[in-house]
Every structure is written in structure tokens, then in C-alpha cells.
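Protein chains in written order, with the working numbering: chain A, 8 to 262; chain B, 8 to 262.
Number of protein chains: 2
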Amino acid sequence: MDRLTIIKVGGKVVEDSQSLDALLNQFTRISGQKILVHGGGRTATEIAGKLGIPTEMVDGRRITGESMLDVVTMVYGGLVNKKIVAQLQARGCNALGLTGADLNLISAKKRPVKDIDYGFVGDINDVNSRELRIIINENVVPVIAPLTHDCKGRLLNTNADTIAAELASELAAYFNVYLFYCFENKGVLRNPDDENSIIFELDAPMFQQYKQEGIIHSGMIPKLDNGFRAKRNGVKEVLITNPENVATGKGTRII
Amino acid sequence: MDRLTIIKVGGKVVEDSQSLDALLNQFTRISGQKILVHGGGRTATEIAGKLGIPTEMVDGRRITGESMLDVVTMVYGGLVNKKIVAQLQARGCNALGLTGADLNLISAKKRPVKDIDYGFVGDINDVNSRELRIIINENVVPVIAPLTHDCKGRLLNTNADTIAAELASELAAYFNVYLFYCFENKGVLRNPDDENSIIFELDAPMFQQYKQEGIIHSGMIPKLDNGFRAKRNGVKEVLITNPENVATGKGTRII
């Protein structure tokens, strides 16, 4: 099977033009088939603010009302996605920007209201990779925005880490998939004040223990949950690292 | 050669949810391969206004400064395009939203400044249909936003009528292309106050004469220039009509 690298980058990296440049230079160097999954939350918050739409977050997740859905559709699917596509094309990388609605790639259902009404947030039902695999085999590089659809004409806001994990899991049947979660640190840190205190290998019992000890907490927990699920689903390697180490393979490896 | 229908619809049609519904119902019924090219100017003007960015038009063309480029990227490439894609998916039509940067589909150069500085407006250099044809042959339906790129990382705002004509011309070598320009009237009218005064057939000398007599004027002139160019480039049929007549083939036929 061919190697396929899936890189997920957070908003912080893609929304600053300097760090985006550095990321795209690294990304272009990766040999073989590849996919970029991106966020864009900071720009969404900024544009929403300018439009007079308040941003409300619960546990790091955006409450997505009707007008916020329009904002994330514009910002994730349009502004952030198409800028990345144009800049990859400038580097000779034949990028194709996608949401989960395009090619019916990722269908989802609106999250049921329990304690909190997240609004138009989607929990993934299914990944359809048929057309995606055809274009990947034509050396096209998909660039994926964190939006899905409900098959009834509605776009839904969906977490980019989850999209990357589900896509990696689906594609593991066809490729040797390497999944990289890129964020600001070199890996999962034992001590948040020491950026060299990287946990190089992480297995499920260690993850439980670090959670209990409070060493791994807040936003890192769902990210790692996604990573462990992808690993269980046959993804060859899951690495948490920063954009600079995408090429070296240094960081926290899920085992 | 297979039949390929290219429908270009203006902003007025796609920005109103009722007329968009009607259009997509008609569009879904077209048999064979198809492409939808859309505008979105009214929404761009509205969002720009809310963001405090003034809209300036010269001869119906938008002056596109840096911040207006962000707006059209968001609105054309994101909001309008992805809503259409999601609603086509709901109708069982496997849509794929594209700009000219995606798949390196349409490259352009920034319009040189003469009397007027249009800003980041692109004049088309080249259409690359290789990957587009592969996906069309997989029964995917491209939905194309009026944006191109300069191959140097910059998106450019490009007229949707021109995009439709250039795409139709390029694809005429591979398909029997039928190009429909849809707008609010049933065709080009002899008398603007009588919507039944349709000019059913229009050839180049008639076009010259109607222009001289002032019967055809303003925005209709560049639209028809695009239509005549497409026809000269081997497009099988070019029709100016409204969305309701996409299926019947009634309207103004360029001969």
C-alpha cells in the first residue's frame, strides 16, 4: 500500500501568514500522497465579532447558531481554505479545497441537545472516500475544512481533530496512513513550562495515568482520544508534534 | 462525445433561497454531465457593508481591494458555493465546489491598471481541465465560484460569465458542450418592458445592429461577447434564458 500522510493543523498555525508559510514549506516537502486538515477558529471569532455576532464557547467547542454557521462556512470553507489552496498551488502542489459536503465526503448528524445546545454542530456518521481516493491517486492534495453536511442540505460545524481521525481511519484500508496532529508544542509535555519535557511514547494505560495526575488535561484529552481511536482503527502512526517536526517525525507517538 | 451542460447563474438567482431551490430542482433534472457556475455579488456587497468595507463598481465590475478580496473569497468560495454544494448533495447530486485555484483549474493575471485600477481582478490566462474531466467522468458535478488564481499564491476576482465561456471553450474539445446563461428574463428582449419580446436567434451581424440601435446595451454586451466567443470556440449551443427554461431550451440562441 502507498504511504498517505494526513496533517492536521490548528487555527493558530494557518491564521498567521508567517507560520502558515513555514508550515506549507514543510508540507510541500513531504513525499508521497498527503492531505491537510485545518482549523480557523480565531478568524471565525474575529469576523463574527466584526459582524456583531457574539462567540460562545463551551469546553473549547463553538456554539454554532444560524448566523455563526454562515460565518464558519465563509471562513473555514472560503477564506482560510482557499488561501491555503492558492498558496499550495504557488508551490507546485496541486491542492483541492474540500468540506465534508463536497463529494459527499463526510456526512454527520446535528448533535442532539442534552445539557448544552451546540447548535449546528455535526457528529460524524460516515466518511465516503471513493472519489477522494481517485483524486489522491492523481496526485491531487486535498485541503479539508472542518465542515460536514447532514445530507439534507445543511452544513454542520465539526471539530477538525475528529475529521482528521475519521478520515485517517477510513483511509487506513487503502493506504499506510501517517496521522500528524500539529500544534504549538513539540509534543505532549510532562511539564507545561518546559517545552523539552516531551512524552515521546504514549500508550493507553499511560494516557489514563497522566489524565488522573492532571498532566494531560483540557483540550489535549479529546485530541488524544481521537489519536487513540485512529490508531485502533489501523492507522500506522499517530504523532502529536509542531509543524517544524512534520518532516523529522519527532514528537509524541501514540503506541 | 458525451453531452456536457454548463449552466451559469447570476447572484440574484442563487442568493434568494426560493429561486435557488427552483434552480437546483431544474438543474438536478438535467441528464448527463453538468457544471454549475455561479455569482454572488449581492451577498458580497451585503457582507462587505456589515464589515464596513465600501463597495465600488465600475461598469458593473467590482473594484477589489485587499479587504474586498477577502470578502469575495469568503462569500463566493465559502458561503454561496458550499450552500449550493450541500443542497445539491441533498438532491442526490454529487457536487464538488471549486474555485479556479482548486486543481489549478483557472489561472489568471491581475488586470493591468489603465484608466481604472480594478485591484485584485483576474483576466484568465489558462484553463487546465485534466483533473476536472476525470471527476466529471465519475459523475461528479462541479460547482464553480467566480475566483481564479495567479499561480503565485494570490486569488483573483473574475467575472462568472467569462469563467463559464472559457471553461465551455476548453471543454468543447472533449464534450458536446451546451452553455446556458441564466438570468431574470426569458432571453434577450427586443423591448425591455415586454418579457415576451424574446430575440430567439442572434447572429453576429444582428448583434452589431442591435447594439447600434441601443436595443442590446450595458451588462448584456459583455455577456453576449462571452457567448459568441464560446460559440466560435466550438461550443455546440449557447443559450441566454431564465432558470425555468433550462430544461425546455427556450430563450435566445446564439447562431
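Think of the CB as a built atom: it goes at the ideal place given N, C-alpha and C, for glycine as much as any other residue. These figures come from a predicted structure and were not determined experimentally.
Taking Cβ positions, are residue i and residue j nearer each other than 8 Å?
i: A/G56; j: A/T50; result: no
i: A/F207; j: A/T259; result: yes
i: A/A152; j: B/L162; result: no
i: A/V134; j: A/E73; result: no
i: B/E251; j: B/Q25; result: no
i: A/N164; j: A/V44; result: no
i: A/D77; j: B/L95; result: no
i: A/V16; j: A/C158; result: no
i: A/Y181; j: A/R140; result: yes
i: B/I42; j: B/V148; result: yes
i: A/R69; j: A/N183; result: no
Buried or exposed: where does residue i fall if 16 or more other Cβ atoms within 10 Å of its Cβ makes it buried?
i: A/V242; result: buried
i: B/I143; result: buried
i: A/R118; result: buried
i: B/G2; result: In the structure as shown, chain B starts at 8 and stops at 262, and residue 2 of chain B therefore has no counterpart that could be examined.
i: B/M81; result: buried
i: B/V128; result: buried
i: A/K121; result: exposed
i: A/V65; result: exposed
i: A/D200; result: exposed
i: B/G59; result: exposed
i: B/G67; result: exposed
i: B/I123; result: exposed
i: A/G18; result: buried
i: A/D109; result: buried
i: A/M75; result: buried
i: A/M227; result: buried
Would you kindly work out how many angstroms separate the C-alpha atoms of residue i and residue j, rounded to a whole number?
i: B/N146; j: B/Q40; result: 7 Å
i: A/T169; j: A/L105; result: 16 Å
i: B/N88; j: A/M213; result: 45 Å
i: A/V272; j: A/Q215; result: As displayed, chain A neither begins before 8 nor continues past 262, which places residue 272 of chain A out of reach and without an answer.
i: B/R239; j: B/D130; result: 19 Å
i: B/H224; j: B/K218; result: 6 Å
i: A/A211; j: A/T35; result: 32 Å
i: A/D232; j: B/E177; result: 48 Å
i: A/I14; j: B/A171; result: 34 Å
i: B/T255; j: B/L246; result: 11 Å
i: B/K257; j: A/G126; result: 44 Å
i: A/I37; j: A/Y185; result: 11 Å
i: A/A29; j: A/R98; result: 12 Å
i: B/L103; j: A/L103; result: 10 Å
i: B/V150; j: A/D23; result: 29 Å
i: A/H156; j: A/M8; result: 30 Å
i: A/K230; j: A/L27; result: 21 Å
i: B/S204; j: A/G48; result: 52 Å
i: B/E244; j: B/E202; result: 22 Å
i: A/G160; j: B/N132; result: 35 Å
i: A/N198; j: A/T71; result: 34 Å
i: B/T52; j: B/G194; result: 26 Å
Please state whether DSSP places residue i in a helix, a strand or coil.
i: B/M75; result: helix
i: B/K121; result: coil
i: B/R68; result: strand
i: B/I206; result: coil
i: B/F187; result: strand
i: A/K193; result: coil
i: B/I22; result: One detail in the question is off: residue 22 of chain B reads as Glu in this sequence, not Ile. In this structure, B/E22 counts as coil in the three-state DSSP scheme.
i: B/G129; result: strand
i: B/E145; result: coil
i: A/I222; result: coil
i: B/V242; result: coil
i: B/R10; result: strand
i: B/K116; result: strand
i: B/V253; result: coil
i: B/A108; result: coil
i: B/T62; result: coil
i: A/A102; result: strand
i: B/N164; result: strand
i: A/K89; result: helix
i: A/K230; result: helix
i: A/I42; result: strand
Would you please state the rounded distance, in angstroms, between the beta carbons of residue i and residue j? I believe it to be under 8 Å.
i: B/T12; j: B/F187; result: 7 Å
i: B/L196; j: B/I261; result: Not quite, the Cβ-Cβ distance comes to about 15 Å (not below 8 Å), so this is no contact.
i: B/V21; j: B/I113; result: In fact, because the Cβ distance is near 19 Å, the residues do not count as touching under 8 Å.
i: B/G221; j: B/L154; result: Going by Cβ atoms, the distance from B/G221 to B/L154 rounds to 33 Å, so no, they are not a contact pair.
i: A/A115; j: A/A175; result: About 17 Å; that fails the 8 Å criterion.
i: B/N101; j: A/N192; result: With a Cβ gap of about 40 Å, B/N101 and A/N192 do not count as contacting.
i: A/G46; j: A/A167; result: 5 Å
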